[in-house]
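Student:
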C-alpha cells in the first residue's frame, strides 16, 4: 500500500495525520462498533421496543433463535436467494459482457442504458415492479394474455412470489456483473487471442483456456460483493410481499418483523448477532481476496 | 455468432429499459388505465371509443396531483422529495469532506496500523443495517434525533465514509507527490498546498465520490423507514407506506413521482459512466 513511496511522505507529522483520519475513525466507532457491541449486550436481555425495562436472560434468546423454525426457514431461503440471484446475475451479466466487449457504434450509449437499473432505488423500483407483475392488471400478464400464454399470479402465488423477487433482483444487478465482467474481458491482451488463432484453437478452447481464466479473478470479486449484498436482501421483499410473508421471508425481513412488529428487541438482537457472524465470515473472505488481487496485480 | 451477439445486446437493452419506459407511460395515464384489464400502451390525445383499444388518453394530471396528500400519508410527494434532497445533500457533503481528509491522511502521512485501519473502514460497508439499527434507534431516542433531517444525514454520512475514503484514496494516490513538494518549495504551507494543489487535481475524484455517496443516501430505505417513520420521511419509505392504503394505490402518481425521483440518478450515472467501475468496487478496479 504505497510503502515504496515513503521517502517523500511527510515524517513526524503524526499529529496532523491523526487529526486527518481521526474524525472518520471516531464516527465509524461511534456509529458502527459501539452499536454492534450494544447489540450483543441487548441480545442477552428481554428488552422490548416499548418501555425501558430489561432483564438479563442469559442465552435464552439464542436458544430460541436456534430452535425457531422461522429462523431456519429464513436462513435457508436467504441462502437460496443468494445462490439463485447471484448465479443468474453472473451468467447473464457475463453473457452480456461477452456481447458488448467488441466496439460498435453507439456502444457507450447502449452501455449507459444497460447499466442504469443498478443505480436506482430498490425500494421504489420494487414497488413499481409490483405493478408490472400484478396478476390482474400487470403489463406482463397482459402481454402473456395477448399471445395466449397462461397468466400466473406472480406476486400472490405461494410458489411463485419468491422467484418473482429473484427476477427483480436479477433485473437490478445483472448490469453490475456485466460492468465488472466487461472490465475483465477488455483487459485481456489481444496477443493471447492472436496466438490462439495461429494455433487454430477451437472457439470453445479459447473460451475455456483464455477468456474464462483471465476474467475469473474479477468475476470472483463481483460475486463476493453481490453475495454480501444479497445476503442483506430487505428492500425488494418489503416492497413486494411485506415483512411477514412465510413464502418470502429473508433474514433481514424476519429480523424487522421480530423487532418492529413484535417489539422483541432482545430476540431481534440475537438474530442480528447470528446473521452478523455469517456476514463477517463473508466480508473477511472478501477483504482477503481484495488484498490477494492487489498483490497479484502489483507483481 | 454476430447474430447471437446482437440478440443478447437487444434483449439486454429491452430488459433494462422496458420497465422504465412503462413507468413513463404509466405516469401519463388516468388511474383507470393503469389498472385496466387490457394492454394500453399507445398514448392518444383522446380517450378511445372501444374498450379493448390499446390506446389510452394521455394526461399530465398525475404530475399535477403530486401535490395531493394521499390517504395514509401526512404530506405530499414534494415534501418528501425535499426531505430526500436535504438529507442526501447534507450527508454527501459531510462524507466527501471527511472522506477526503481521511484519505489524504492515509495517502500522504504515516499512520500506525494504516492497513488495519483501512480494512476496518472497508469492513463497515458490509455491516447489515439491521444489526445496528436497534442500538442506533435507542441512541437516537436518547439524543432526540429520531425523525430529524440531521439524524438520518449523520447516519448516511457514516455509512458512506467507507466508500468515500476508499475511492478518494485511490484518486489521491494517483496525484504525484512532487506537485505538493513543488508548492511547498514555492512557499505554500502544507495546508495551502493541499487546498491549492491537491484539491483541484482531485476534482474528478471528488465529483465521482460525491455522486456515489448521493446515490446511496438517495436510495436508502432500511434506516429511513425505521428511524424516520414520523418526521423527515424520505421518498422510498413514503412510497412504500402507500401500500395497502384504503383508496388503492395511486399508480399514475407513483409512476410520475418515481420518474422524477430516479431522473437525477440516471443523469448522474451517465455523467460518471467512465468511473462506474471504480465506484462499485471501492476504487480497487480501475478501467
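Protein chains in written order, with the numbering used here: chain Z, 526 to 824; chain L, 4 to 290. Where is the CB? At the ideal position from N, CA and C, for every residue including glycine.
Can you tell me whether DSSP reads residue 642(Z) as helix, strand or coil?
Tutor: As a working mapping, residue 642(Z) is identified with position 117 in the first chain. Residue 642(Z) falls in the helix class under three-state DSSP.
Student: Tell me where the beta strand (DSSP E) around residue 46(L) begins and ends.
Tutor: Counted from its first residue, the second chain places residue 46(L) at position 43. First-last of the beta strand (DSSP E) with residue 46(L): 45 to 47.
Student: Along chain Z, which residues have their Cβ under 9 Å away from the Cβ of residue 199(L)?
Tutor: Residue numbering aside, residue 199(L) sits at position 196 when the second chain is read from its first letter. Within 9 Å Cβ-Cβ: nothing; residue 199(L) doesn't reach chain Z, min ~17 Å.
Student: Taking the beta carbon of residue 671(Z) as the centre, do at least 16 other beta carbons fall within 10 Å, making it buried, or is it exposed?
Tutor: Walking along the first chain from the start, residue 671(Z) turns up at place 146. It counts as exposed.
Student: Do residue 765(Z) and residue 655(Z) have their beta-carbon atoms positioned less than 7 Å apart in this structure?
Tutor: Within the first chain, the letter at position 130 stands for residue 655(Z). Within the first chain, the letter at position 240 stands for residue 765(Z). Yes, they are a contact pair.
Student: Which of the residues in the stretch 553 to 568 of chain Z, read from start to end, lie with their CB under 7 Å from any CB of chain A?
Tutor: Although the question refers to chain A, the structure presented lacks it and instead comprises the protein chains Z and L.
Student: Does the CB of residue 105(L) have a neighbour CB from chain Z at under 7 Å?
Tutor: Position 102 of the second chain, counting from 1, holds the residue named residue 105(L). Output row for residue 105(L): interface = yes.
Student: Given a cut-off of 7 Å on the beta-carbon distance, is the pair residue 613(Z) and residue 686(Z) in contact?
Tutor: Reading the first chain from its first residue, position 88 is the one you call residue 613(Z). Reading the first chain from its first residue, position 161 is the one you call residue 686(Z). Not a contact, by the Cβ cut-off of 7 Å.
Student: Counting only Cβ-Cβ distances shorter than 9 Å, please list the residues of the stretch 732 to 753 of chain Z near chain L, keeping chain order.
Tutor: Per Cβ criterion, the list reads 743, 746, 747, 750, 753.
Student: If the cut is a Cβ gap below 9 Å, which residues of chain L does residue 759(Z) touch?
Tutor: To locate residue 759(Z), count along the first chain from 1; it is residue 234. Correct list: 131, 132, 133, 224, 225.
Student: Of the residues 270(L), 148(L), 187(L), 255(L), which one's Cα is nearest the Cα of residue 227(L)?
Tutor: Working through the second chain from its first residue, we reach residue 227(L) at position 224. Checked all of 270(L), 148(L), 187(L), 255(L); the closest Cα to residue 227(L) is 148(L).
Student: Measuring CB to CB, does residue 229(L) end up less than 7 Å from residue 557(Z)?
Tutor: On the second chain, residue 229(L) is found 226 positions in, with the first residue counted as 1. On the first chain, residue 557(Z) is found 32 positions in, with the first residue counted as 1. No; because the gap between Cβ atoms is not below 7 Å, this pair is not in contact.
Student: Is residue 275(L) closer than 7 Å to residue 211(L) when the C-beta atoms are compared?
Tutor: Counted from its first residue, the second chain places residue 211(L) at position 208. Counted from its first residue, the second chain places residue 275(L) at position 272. Yes, the Cβ-Cβ distance between residue 211(L) and residue 275(L) is below 7 Å.
Student: Please name the residue, chosen from 152(L), 192(L), 121(L), 132(L), that lies closest to residue 173(L) on a Cα-to-Cα basis.
Tutor: Position 170 of the second chain holds residue 173(L). Checking every option, the nearest Cα to that of residue 173(L) belongs to 121(L).
Student: Run down chain Z in chain order and give the residues with a C-beta less than 8 Å from the C-beta of residue 152(L).
Tutor: On the second chain, position 149 is the one that residue 152(L) refers to. Within 8 Å Cβ-Cβ: nothing; residue 152(L) doesn't reach chain Z, min ~17 Å.
Student: In whole angstroms, what is the alpha-carbon distance linking residue 255(L) and residue 684(Z)?
Tutor: Here residue 255(L) refers to the residue found at position 252 of the second chain. Here residue 684(Z) refers to the residue found at position 159 of the first chain. Using only the alpha carbons, I get a separation of about 30 Å.
Student: Any beta-carbon of chain Z closer than 7 Å to the one on residue 101(L)?
Tutor: In the second chain, the residue the question calls residue 101(L) occupies position 98. Yes - at least one Cβ of chain Z is within 7 Å of the one on residue 101(L).
Student: What residues of chain Z sit near residue 268(L), judged by a beta carbon separation below 9 Å?
Tutor: The residue labelled residue 268(L) in the question sits at position 265 within the second chain. Those are 641, 644, 645, 646, listed as they occur along chain Z.
Student: Let me know if residue 817(Z) comes out buried or exposed under the rule of 16 or more other beta-carbons within 10 Å of its beta-carbon.
Tutor: Locating residue 817(Z) in the first chain gives position 292, where the first residue counts as 1. That one is exposed.
Student: Can you list the residues of chain Z that residue 234(L) reaches, using a CB-CB cut of under 8 Å?
Tutor: For the purposes of this step, residue 234(L) is taken as the residue at position 231 of the second chain. Here the premise fails: no neighbours, minimum Cβ distance about 17 Å.
Student: Can you give the Cα-Cα distance for residue 165(L) and residue 616(Z), rounded to whole angstroms?
Tutor: Translated into positions along the second chain, residue 165(L) becomes position 162. Translated into positions along the first chain, residue 616(Z) becomes position 91. Approximately 29 Å between the Cα atoms of the pair.
Student: How about residue 747(Z) and residue 702(Z): are their beta carbons less than 7 Å apart?
Tutor: As a position in the first chain, residue 747(Z) is number 222, starting the count at 1. As a position in the first chain, residue 702(Z) is number 177, starting the count at 1. Yes, the pair counts as a contact, with Cβ atoms nearer than the cut-off.
Student: Helix, strand or coil for residue 530(Z), going by three-state DSSP, please let me know.
Tutor: Here the question's residue 530(Z) lines up with position 5 in the first chain. Reliability of the predicted coordinates at residue 530(Z) is poor, the pLDDT of 41 falling under 50, and no value is obtained from them.
Student: Leaving aside the five residues before and after residue 573(Z) along the sequence, list all residues of the same chain whose C-beta is less than 7 Å from its C-beta, in chain order.
Tutor: By 1-based counting over the first chain, the position of residue 573(Z) is 48. Once the five neighbours on either side are set aside, the close Cβ partners of residue 573(Z) are 788, 789, 790.
Student: Using a C-beta cutoff of 7 Å, does residue 273(L) count as contacting chain Z?
Tutor: Within the second chain, numbered from 1, the residue matching residue 273(L) stands at position 270. With 7 Å as the cut-off, residue 273(L) counts as an interface residue toward chain Z.
Student: Once DSSP output is grouped into helix, strand and coil, what is the label at residue 112(L)?
Tutor: The residue given as residue 112(L) occupies position 109 in the second chain. Strand.
Student: Give the straight-line distance between the Cα atoms of residue 831(Z) and residue 611(Z), rounded to the nearest whole angstrom.
Tutor: Here chain Z covers residues 526 to 824 and nothing more, so residue 831(Z) does not appear.
Student: Less than 6 Å between C-beta atoms, sequence neighbours within five positions excluded: which residues of the same chain meet that for residue 160(L)?
Tutor: Along the second chain, one-based indexing puts residue 160(L) at 157. Answer for residue 160(L): 94, 97, 98, listed in chain order.
Student: Just to confirm, are residue 740(Z) and residue 707(Z) a CB contact at a threshold of 7 Å?
Tutor: The residue you call residue 740(Z) lines up with position 215 of the first chain. The residue you call residue 707(Z) lines up with position 182 of the first chain. No, the Cβ-Cβ distance between residue 740(Z) and residue 707(Z) is not below 7 Å.
Student: Can the beta-carbon of residue 753(Z) be found less than 7 Å from the beta-carbon of residue 129(L)?
Tutor: In the first chain, residue 753(Z) corresponds to position 228, counting from 1. In the second chain, residue 129(L) corresponds to position 126, counting from 1. Yes, they are a contact pair.
Student: Fully enclosed by the stretch 646 to 678 of chain Z, which alpha helix (DSSP H) runs are 4 residues long or longer?
Tutor: DSSP runs (the alpha helix (DSSP H)) wholly in the stretch 646 to 678 of chain Z: 647 to 657, 664 to 671.
Student: Would you kindly work out how many angstroms separate the C-alpha atoms of residue 115(L) and residue 186(L), rounded to a whole number?
Tutor: Residue 115(L) sits at position 112 when you count from the first residue of the second chain. Residue 186(L) sits at position 183 when you count from the first residue of the second chain. Those two C-alpha atoms are separated by around 27 Å.
Student: Where residue 37(L) and residue 28(L) are concerned, what is the direct C-alpha to C-alpha distance, given to the nearest angstrom?
Tutor: As a position in the second chain, residue 37(L) is number 34, starting the count at 1. As a position in the second chain, residue 28(L) is number 25, starting the count at 1. Cα-Cα distance, rounded: 9 Å.
Student: Suppose the cutoff is 6 Å on Cβ atoms and the five residues either side in sequence are ignored; what does the same chain contact list for residue 663(Z) look like?
Tutor: Translated into positions along the first chain, residue 663(Z) becomes position 138. Cβ within range, chain order: 657.
Student: Spatial neighbours of residue 567(Z) within its chain, please: CB distance less than 7 Å, with the 5 preceding and 5 following residues excluded, ordered by chain position.
Tutor: In the first chain, counting from the first residue as 1, residue 567(Z) sits at position 42. Closer than 7 Å at the Cβ level, and outside the excluded window around residue 567(Z), lie 790, 791, 794.
Student: Below 7 Å on C-beta distance, what does residue 486(Z) contact in chain L?
Tutor: Within the shown structure, residues of chain Z are numbered from 526 to 824, placing residue 486(Z) beyond reach of any answer.
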